[in-house]
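Participant: The structure follows.
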DNA sequence: ACGCGCATGTAAGAAGTTACATGATTTC
DNA sequence: GAAATCATGTAACTTCTTACATGCGCGT
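Protein chains in written order, with my numbering: chain A, 1 to 194; chain B, 1001 to 1194.
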């Protein structure tokens, strides 16, 4: 039930479905994703609900664009969502499910391999967020303390990702360490790996 | 595409749909959730696929139970999923969407209120996980280093939640601090709040 | 001529939620 | 007698994914 609200939020300025998909891939992807085939019908639905209005617009290249913008009702609904308190509690982490059943494999070295792979994925993600933050530092005047309010809010989201990933990476290291101790004490042979 | 695999994982021992719902509410809820109305048809689908078999069983109280267990094919599919590497990247965080658009409200004190509310929710969640860990410490012999492999895997999941929440809570504190600085410097009146 | 980026969608199906329907037994 | 727990589901709907269909204009 959040995609409509994310679209409303993105439609601060008028945009086409295609534009919105670009925004998803560039900025929103860090906490949500959506396909064009989901965006187009959702926009139509929101227009029927009265939260958006649309108009056709000629394009420089390619076919006409259908440009949407929020109506006062749409804007009101966005504000209602923002004021309804943090939407927390429905998160789903498939990799924790995998981990929970990993003992089925009966070999803790496989759990270790899993944790090492997970650590690499999370570290890559963190590197990506760090690069974005570094770029902001370089390019945006007044970063981070004197940012205008919209850029400051973006920045808070980025920091959340970094803190959460830092915690998870600590956990990976802790888990790998404990697994090594268990593997080492149950099996006398040494095992080399970075 | 993870619910079938989580059900396969839970069906290490034969269980009914009702039993599985109980397991979801007790253990799985920390990283996944499912309703009975989703579990029952999914079990039927998995049986048709040949991953589960079922038999009716008399119950002490209430109607007959339909007890499922994994077939060799089901077990093989679970192992395939476990070995396919960490399923990461599709996570969705609605509250980061809210935060990103919060500047629409044009008042950073509302962002601050939001962060305080979010902090409280996350802290409550952490307290819950900590209570579970404390109970394990008290009740489970050999905790945490000499656990049997299944309990050790459960424990890793718990630690992940704690580390991730710790990172997020740090972020909340950082954000609230920065917001206070911004609010304080833009508006001279003091503001009391816990 | 071919592919890429722009721009629109539809169709089919899987996954998930909320509400409803039924009925036994046990506990207060 | 009422409420909780055990136990099964169906129906209607929303949400999301994957695959397909169409066509213009620009660069190589």
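Glycine included, each C-beta is placed from N, C-alpha and C at the ideal position.
None of the values given here were measured: they were computed from a predicted structure.
Taking the beta carbon of residue 1173 of chain B as the centre, do at least 16 other beta carbons fall within 10 Å, making it buried, or is it exposed?
Facilitator: Taking the first residue of the second chain as position 1, residue 1173 of chain B is located at position 173. Answer is exposed; the Cβ neighbour count stays below 16.
Participant: Could you check how far apart the C-beta atoms of residue 161 of chain A and residue 30 of chain A are, in whole angstroms? I think they sit under 8 Å.
Facilitator: Working through the first chain from its first residue, we reach residue 161 of chain A at position 161. Working through the first chain from its first residue, we reach residue 30 of chain A at position 30. Contact flag correct, Cβ pair sits at about 6 Å.
Participant: In three-state terms, what does DSSP make of residue 22 of chain A?
Facilitator: Translated into the one-based positions of the first chain, residue 22 of chain A becomes position 22. Here residue 22 of chain A sits in helix by DSSP.
Participant: Could you tell me which uninterrupted alpha helix (DSSP H) segments, each at least 4 residues in length, are contained entirely in the segment 1066-1129 of chain B, listed from first to last along the chain?
Facilitator: Runs of the alpha helix (DSSP H) inside the segment 1066-1129 of chain B: 1072-1083 and 1094-1101.
Participant: Between the segment 1078-1087 of chain B and the segment 114-132 of chain A, do at least 3 Cβ pairs fall closer than 8 Å?
Facilitator: Touching, per the Cβ criterion.
Participant: Does DSSP put residue 16 of chain A in a helix, in a strand, or in coil?
Facilitator: Sequence index remark: in the first chain, residue 16 of chain A carries index 16 (1-based). Note: residue 16 of chain A maps to strand in three-state DSSP.
Participant: Starting from residue 1168 of chain B, find everything on chain A with Cβ-Cβ shorter than 8 Å and list it in chain order.
Facilitator: Along the second chain, one-based indexing puts residue 1168 of chain B at 168. Per Cβ cutoff of 8 Å: 160, 163, 164 and 167.
Participant: Does the beta carbon of residue 1110 of chain B sit closer than 9 Å to a beta carbon anywhere in chain A?
Facilitator: As a position in the second chain, residue 1110 of chain B is number 110, starting the count at 1. Residue 1110 of chain B counts as touching chain A.
Participant: Please report the residue range of the alpha helix (DSSP H) in which residue 52 of chain A lies.
Facilitator: Translated into the one-based positions of the first chain, residue 52 of chain A becomes position 52. That residue, residue 52 of chain A, is in no alpha helix (DSSP H); its beta strand (DSSP E) goes 52-57.
Participant: List, in order along the chain, the chain A residues whose C-beta lies closer than 9 Å to that of residue 1065 of chain B?
Facilitator: Counting from one through the second chain, the residue named residue 1065 of chain B turns up at place 65. Those do not exist, as residue 1065 of chain B stays about 23 Å from chain A at its closest Cβ, beyond 9 Å.
Participant: Quick one: residues in its chain with C-beta nearer than 8 Å to the C-beta of residue 1154 of chain B, no 5 flanking neighbours on either side, listed in chain order?
Facilitator: Stepping through the second chain from its first residue, residue 1154 of chain B is reached at position 154. Closer than 8 Å at Cβ, skipping near neighbours: 1027.
Participant: Taking just the CA atoms, how far does residue 1048 of chain B sit from residue 1148 of chain B?
Facilitator: Translated into the one-based positions of the second chain, residue 1148 of chain B becomes position 148. Translated into the one-based positions of the second chain, residue 1048 of chain B becomes position 48. Their Cα atoms are separated by approximately 35 Å.
Participant: Determine the contact status of residue 1099 of chain B and residue 1114 of chain B, defining contact as a CB-CB distance below 9 Å.
Facilitator: Taking the second chain and counting its residues from 1, the one referred to as residue 1099 of chain B is at position 99. Taking the second chain and counting its residues from 1, the one referred to as residue 1114 of chain B is at position 114. Going by C-beta atoms, residue 1099 of chain B is nearer than 9 Å to residue 1114 of chain B.
Participant: If you reduce the DSSP assignment to three classes, tell me which class residue 150 of chain A lands in.
Facilitator: The count along the first chain starts at 1 and reaches residue 150 of chain A at position 150. DSSP places residue 150 of chain A in helix when its eight states are reduced to three.
Participant: Against residue 1031 of chain B, what residues of chain A qualify as contacts under a CB-to-CB distance less than 7 Å, listed in chain order?
Facilitator: Here residue 1031 of chain B refers to the residue found at position 31 when the second chain is read from its first residue. Here the neighbours are 92, 93, 96 and 97.
Participant: Could you give the residue range of the alpha helix (DSSP H) that holds residue 6 of chain A?
Facilitator: Taking the first chain and counting its residues from 1, the one referred to as residue 6 of chain A is at position 6. Per DSSP, residue 6 of chain A belongs to the alpha helix (DSSP H) from 3-10.
Participant: Looking at the C-beta of residue 1019 of chain B, does it have a partner C-beta in chain A at a distance below 9 Å?
Facilitator: Taking the first residue of the second chain as position 1, residue 1019 of chain B is located at position 19. So, not an interface residue.
Participant: Taking the alpha-carbon of residue 1032 of chain B as reference, which of B/1102, B/1014 and B/1009 has the nearest alpha-carbon?
Facilitator: The sequence position of residue 1032 of chain B within the second chain is 32, counting from 1. When each option's Cα is compared against that of residue 1032 of chain B, the closest is B/1009.
Participant: Use the C-beta contact count for residue 1024 of chain B: other C-beta atoms within 10 angstroms, 16 or more gives buried, fewer gives exposed.
Facilitator: Counted from its first residue, the second chain places residue 1024 of chain B at position 24. Looking at its Cβ environment, which holds 16 or more other Cβ atoms inside 10 Å, residue 1024 of chain B is buried.
Participant: Is residue 1106 of chain B close to chain A, meaning its C-beta is less than 9 Å from at least one C-beta of that chain?
Facilitator: Residue numbering aside, residue 1106 of chain B sits at position 106 when the second chain is read from its first letter. Chain A contact via Cβ: present.
Participant: Evaluate residue 2 of chain A with the Cβ neighbour count: other Cβ atoms within 10 Å of its Cβ, from every protein chain shown; 16 or more gives buried, anything less gives exposed.
Facilitator: Residue mapping note: residue 2 of chain A aligns to position 2 of the first chain, counting from 1. So residue 2 of chain A counts as buried.
Participant: Output yes if chain A places a C-beta closer than 9 Å to the C-beta of residue 1028 of chain B; else output no.
Facilitator: Within the second chain, the letter at position 28 stands for residue 1028 of chain B. So, interface residue.
Participant: How many angstroms separate the CA atom of residue 1180 of chain B from the CA atom of residue 1052 of chain B?
Facilitator: On the second chain, position 180 is the one that residue 1180 of chain B refers to. On the second chain, position 52 is the one that residue 1052 of chain B refers to. Whole-angstrom Cα-Cα distance: 56 Å.
Participant: Whose CA, out of A/92, A/40 and A/71, lies closest to the CA of residue 50 of chain A?
Facilitator: Counting from one through the first chain, the residue named residue 50 of chain A turns up at place 50. Closest by alpha carbon: A/71.
Participant: Please confirm whether residue 1127 of chain B has its beta-carbon closer than 9 Å to some beta-carbon of chain A.
Facilitator: Here the question's residue 1127 of chain B lines up with position 127 in the second chain. So no, residue 1127 of chain B is outside the interface.
Participant: What three-state label does DSSP hand residue 136 of chain A in the structure shown?
Facilitator: Along the first chain, read from residue 1 onward, the residue named residue 136 of chain A stands at position 136. In this structure, residue 136 of chain A counts as helix in the three-state DSSP scheme.
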